[in-house]
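Everything below concerns the one structure shown next.
In the working numbering, the protein residues as written are 721 to 909.
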């Protein structure tokens with residue numbers, strides 16, 4: 721419990737929201753993850769979501785100095801889309817239950833489609849947070865904790881990442897000035 725309070729404090733100090741925290745369980749009710757939800761932040765109509773405690777679980781990544789890297793997820797989404805907290809939790813269960821390795825440039829395939837197939841955005845792309853730079857390189861118990869930003873992407877955008885790589889994709893997002901939180905957006909390709 722102390723660990724979750726530590727993660728909460730870091731998150732809360734960085735994004736300064738009046739949050740709600742909910743616990744989400746997997747289908748078996750054997751695993752759970754807490755999700756921090758800041759409503760109408762950073763703006764009206766946009767909610768911020770983050771895991772609290774995901775970084776307790778290893779992802780088999782080591783920094784150059786030999787310390788383990790752990791992750792928490794953070795993302796923003798249109799506040800009228802009510803499944804995003806479930807999507808964040810499902811992505812977390814990939815690490816908790818299935819020992820996924822997760823780092824910038826990776827994609828959780830069908831993470832959105834599993835909850836809402838009619839949207840053009842189907843997957844979650846992980847990258848370094850562009851809004852919260854202080855959520856990187858947090859040291860705790862000889863481990864490094866980094867938050868990964870969750871960006872909704874389309875099938876065509878996933879194909880582009882697979883063909884040209886994540887750096888080119890991020891350049892394209894920036895060039896097109898995309899609202900990366902907009903789960904209803906049209907694909908840029």
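Glycine included, each C-beta is placed from N, C-alpha and C at the ideal position. In this text, all values refer to a predicted model and were calculated from it rather than measured experimentally.
Residue i versus residue j: straight-line alpha-carbon distance, rounded
i: residue 790; j: residue 812; result: 12 Å
i: residue 797; j: residue 909; result: 21 Å
i: residue 896; j: residue 906; result: 12 Å
i: residue 867; j: residue 824; result: 10 Å
i: residue 817; j: residue 891; result: 33 Å
i: residue 770; j: residue 808; result: 8 Å
i: residue 863; j: residue 850; result: 22 Å
i: residue 741; j: residue 757; result: 6 Å
i: residue 882; j: residue 780; result: 22 Å
i: residue 893; j: residue 765; result: 21 Å
Cβ distance (whole Å) where residue i is taken to contact residue j below 8 Å
i: residue 831; j: residue 805; result: Contact flag wrong, Cβ pair sits at about 12 Å.
i: residue 724; j: residue 795; result: About 19 Å separates the two Cβ atoms, so there is no contact after all.
i: residue 727; j: residue 792; result: 6 Å
i: residue 760; j: residue 799; result: 6 Å
i: residue 845; j: residue 821; result: Contact flag wrong, Cβ pair sits at about 15 Å.
Residue i, DSSP secondary structure in three states
i: residue 860; result: strand
i: residue 732; result: helix
i: residue 805; result: helix
i: residue 737; result: coil
i: residue 896; result: coil
Among the options, the one whose alpha carbon lies nearest that of residue i
i: residue 898; options: 877, 885, 884; result: 877
i: residue 776; options: 767, 753, 786, 758; result: 753
i: residue 859; options: 738, 763, 785; result: 785
Per DSSP, cross-strand counterpart(s) of residue i
i: residue 754; result: 743, 772
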